[in-house]
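Chains as they are written, first to last, in the working numbering: chain A, 398 to 612; chain P, 18 to 243.
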Amino acid sequence: MGTTLYIFAWSLVFSLVLGIFCGIGRTTNVRWVRALSVGYVEIFRNIPLLVQMWWAYFGLQQVVNAAINDPLGLRILIPSTFACILALSLYTGAYMGEVVRSGIRSIPRGQWEAATSSGLSRAQTWRHVVLPQALVIVIPPMASEVLNIIKNSAIAMTIAITDLMFYSQKIEEETFAGFEAYTAGTLLFLLLTLLAVGAIYLVQWLLGLKVRTAG
Amino acid sequence: MESFWKWHVIPENLGFFASGFRLTLTIFVLAWVGCWVFAVIFGALRHSARPWLRYPAAAVVEIIRGTPGLMFIVWVYFLSQPLIGYALSPFWAAVWALMIHQGAYAAEVVRAGLSSVPRGQVAAGYSTGLGYVEVMGFIVLPQALRNMAPAVVNRSVALFKNTSLAFVIGVIEFFRAGTIVNGRENASFSVFTFIAAVYFVCCFSLSRLGNRLGQRPGVIEDTTAV
């Protein structure tokens, strides 16, 4: 449970930051920023999360081995939680970027013009006019993306499973009860995921109420 | 020192990758068809005016949508024996699970599409003497489908990405083929980069299609990260 929450919390923070920057990046007039954001969104949305996670865990480890460990004689291992958080944040960040972009797009052009004509600079317009409105509009779709982080974190199981398999093999060699240990672990994880999904639904419901009363 | 730059394993195992990709495509096509059958039935039920049809359908869809796809595949595979008394093969378990899981998301698309057609048009259809099938077939569906088209494509991309989850119950589809090659050659960087690139090309070209269909007012957006 601790690990799941840990992964969830960090992925949430990173993907929110990524999503907001990327959403802003996709709506600016600066061409290279826009190209970068579009590239990021398209790449990470069109590759299965499973593949990204395995890439971040196993693929990256080989790069680290070749680039750092072998020449320097170190033994740096990428922790599976790190790979998980990396992949989940990048994946969810791309989706959140799209949500933020549509939020910013929904602010009428007239507001930009009004802000400029009343003497606000570009940065001031973003900070005082556009973002406060856009970020409130996107709360409901964002909440469902947050829920998706929890659901998608189940995929983290697949890169942790090699450890679990490894240990259950060890246990089996010693006690011949590996299957039981493995099943217990899986069931526990399953229960926790469902609990977390329930909790997020609750939060989403509360958020939904709040948004409605505020509007 | 061992290099991570081992691209030679890709051409050497190309036949194996190709067989995995064929299986991925087969799962995708079968699950895609089933997914939209499921979606149309449940979307129509959720859109129905009768509460005894609407609420059970809503419950089914919401419960499935609240479950991670990976868990769903594992459940269908391991619970098929106690539940329906017949042990599904990994392949069919994956097809059924993906079909029902993505079908629940797709049902939401269908429902949104049906509600995007103004109620007045349905009422007008009935008042000119058309029956349910005619109102649906001639008035609601043609308009709903046009609004749904980009979301349908997005769902298909999601389904294609999710076929990789079938690897967890031992179906040797494209991703599992990759993990097997990696286990043999110890070339995770090259293998997983190759796999990611192939998935990207497939999904990106599909989602381009969606973008060409979309980009006009009234269209339903569906950007769920599942």
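Glycine is no exception: its CB is placed at the ideal position from the N, C-alpha and C atoms. Predicted, not measured: the structure shown is a model, and the values here were computed from it.
Residue i: contacting residues in chain P (beta-carbon distance under 9 Å)
i	result
Val-410 of chain A	The premise fails here: Val-410 of chain A is roughly 16 Å from chain P at the closest Cβ pair, so nothing lies under 9 Å.
Own chain residues within Cβ distance below 6 Å of residue i, not counting five before or after
i	result
Gln-458 of chain A	Ile-475
Val-112 of chain P	Ile-44, Leu-47, Ala-48
Ala-56 of chain P	Gly-120, Ala-123, Ala-124, Val-127
Phe-411 of chain A	Ser-486
Leu-62 of chain P	Leu-70, Ala-74
Phe-38 of chain P	Phe-191
Ser-36 of chain P	none
Same chain only: Cβ atoms within 7 Å of residue i, ignoring 5 sequence neighbours per side
i	result
Glu-495 of chain A	Val-438
Trp-49 of chain P	Ser-173, Leu-176
Val-157 of chain P	Leu-131, Val-134, Val-139
Phe-192 of chain P	Ser-181, Phe-184, Ile-212
Trp-53 of chain P	Ala-123
Glu-542 of chain A	Thr-489, Tyr-492, Met-493, Val-496
Ile-417 of chain A	Val-497
Ser-97 of chain P	Tyr-103, Ala-104, Leu-105, Ala-110
Arg-397 of chain A	It is not possible to answer for residue 397 of chain A, since the shown part of chain A is limited to 398 through 612.
Own chain partners of residue i with C-beta closer than 8 Å, once the 5 adjacent residues on each side are dropped
i	result
Asn-179 of chain P	Gly-86, Leu-115, His-118, Gln-119, Val-243
Ile-186 of chain P	Ile-90, Val-91, Tyr-94, Pro-107, Ala-110, Ala-111
Asn-199 of chain P	Ser-205, Val-208, Phe-209
Leu-599 of chain A	none
Cys-220 of chain P	Val-174, Phe-177, Lys-178
Ser-503 of chain A	Ala-531, Ile-534
Closest residue to residue i among the options (Cα-Cα distance)
i	options	result
Pro-505 of chain A	A:Ile-440, A:Arg-428, A:Leu-487, A:Ile-534	A:Ile-534
Val-139 of chain P	P:Ala-129, P:Gly-154, P:Glu-125	P:Gly-154
Leu-433 of chain A	A:Thr-489, A:Cys-481, A:Gly-420	A:Gly-420
Arg-442 of chain A	A:Leu-487, A:Gly-456, A:Ala-463	A:Leu-487
Gly-595 of chain A	P:Pro-159, P:Gly-187, P:Ile-81, P:Ile-197	P:Ile-81
Phe-59 of chain P	P:Ile-27, P:Val-126, P:Ser-36, P:Leu-42	P:Val-126
Met-450 of chain A	P:Ser-205, P:Val-77, P:Lys-23, P:Pro-68	P:Ser-205
Ile-440 of chain A	A:Val-461, A:Thr-489, A:Leu-528, A:Ile-482	A:Thr-489
Pro-167 of chain P	P:Pro-73, P:Arg-229, P:Tyr-149, P:Ser-222	P:Arg-229
Leu-532 of chain A	A:Gly-516, A:Thr-401, A:Gly-436, A:Val-414	A:Val-414
Leu-603 of chain A	A:Pro-537, A:Thr-513, A:Ala-480, A:Val-427	A:Pro-537
Asn-164 of chain P	P:Ser-222, P:Pro-68, P:Val-150, P:Glu-238	P:Glu-238
Ser-224 of chain P	P:Asn-171, P:Ile-197, P:Ile-189	P:Asn-171
Pro-529 of chain A	A:Thr-513, A:Gly-516, A:Gly-500	A:Gly-500
Val-218 of chain P	A:Pro-445, A:Ile-404, A:Met-554, A:Val-461	A:Pro-445
Residue i classed as buried or exposed, judged by whether at least 16 other C-beta atoms fall within 10 angstroms
i	result
Asp-467 of chain A	exposed
Thr-424 of chain A	buried
Glu-79 of chain P	exposed
Ser-477 of chain A	buried
Ser-144 of chain P	exposed
Tyr-103 of chain P	exposed
Ala-406 of chain A	exposed
Asn-30 of chain P	buried
Ala-464 of chain A	exposed
Gly-227 of chain P	buried
Ala-520 of chain A	exposed
Tyr-216 of chain P	buried
Ala-214 of chain P	exposed
His-64 of chain P	buried
Ser-518 of chain A	exposed
Ser-550 of chain A	buried
Ile-473 of chain A	exposed
Val-150 of chain P	exposed
Ile-482 of chain A	buried
Contacts that residue i makes with chain P (C-beta to C-beta distance below 7 Å)
i	result
Glu-439 of chain A	Phe-221
Val-460 of chain A	Phe-21, Phe-206
Met-539 of chain A	Chain P residues near Met-539 of chain A: none, gap ~11 Å exceeds 7 Å.
Neighbour list for residue i in chain P, Cβ cutoff strictly below 8 Å
i	result
Thr-425 of chain A	The premise fails here: Thr-425 of chain A is roughly 20 Å from chain P at the closest Cβ pair, so nothing lies under 8 Å.
Amino acids of chain A, ordered along the chain, whose beta-carbon sits closer than 8 Å to that of residue i
i	result
Tyr-216 of chain P	Asn-443, Ile-444, Pro-445, Val-448
Ala-213 of chain P	Ile-444, Val-448, Gln-449, Trp-452
Glu-238 of chain P	Ser-499
Phe-209 of chain P	Val-448, Trp-451, Trp-452, Phe-455, Gly-456
Partner residues on chain A for residue i, Cβ-Cβ distance less than 7 Å
i	result
Ser-224 of chain P	Asn-443
What are the residues of the segment 173 to 205 of chain P that lie near chain A, defined by any Cβ-Cβ distance shorter than 9 Å?
Correct list: Val-174, Phe-177, Lys-178, Asn-179, Thr-180, Ser-181, Leu-182, Phe-184, Val-185, Phe-192, Gly-195, Thr-196, Asn-199, Asn-203, Ala-204, Ser-205.
At a CB distance below 9 Å, what residues from the segment 473 to 501 of chain A approach chain P? Give them in sequence order.
So the close ones are Tyr-488, Thr-489, Ala-491, Tyr-492, Met-493, Glu-495, Val-496, Ser-499.
Of the residues that make up the segment 42 to 53 of chain P, which ones have a beta carbon closer than 7 Å to any beta carbon in chain A?
Listed in sequence order: no entries.
Mind listing which residues of the segment 71 to 94 of chain P have their C-beta closer than 7 Å to chain A's C-betas, in chain order?
Within the segment 71 to 94 of chain P, the residues whose Cβ lies closer than 7 Å to some Cβ of chain A are Gly-83, Pro-85, Leu-87, Met-88, listed in chain order.
Proximal residues, the segment 135 to 156 of chain P versus chain A, C-beta separation under 9 Å:
Listed by position, the residues of the segment 135 to 156 of chain P near chain A (Cβ gap below 9 Å) amount to none.
Interfacial residues, the segment 540 to 555 of chain A to chain P, with Cβ spacing under 9 Å
Taken in chain order, the members of the segment 540 to 555 of chain A whose beta-carbon sits within less than 9 Å of a beta-carbon on chain P are Ser-541, Glu-542, Leu-544, Asn-545, Ile-546, Ile-547, Lys-548, Asn-549, Ser-550, Ala-551, Ile-552, Met-554, Thr-555.
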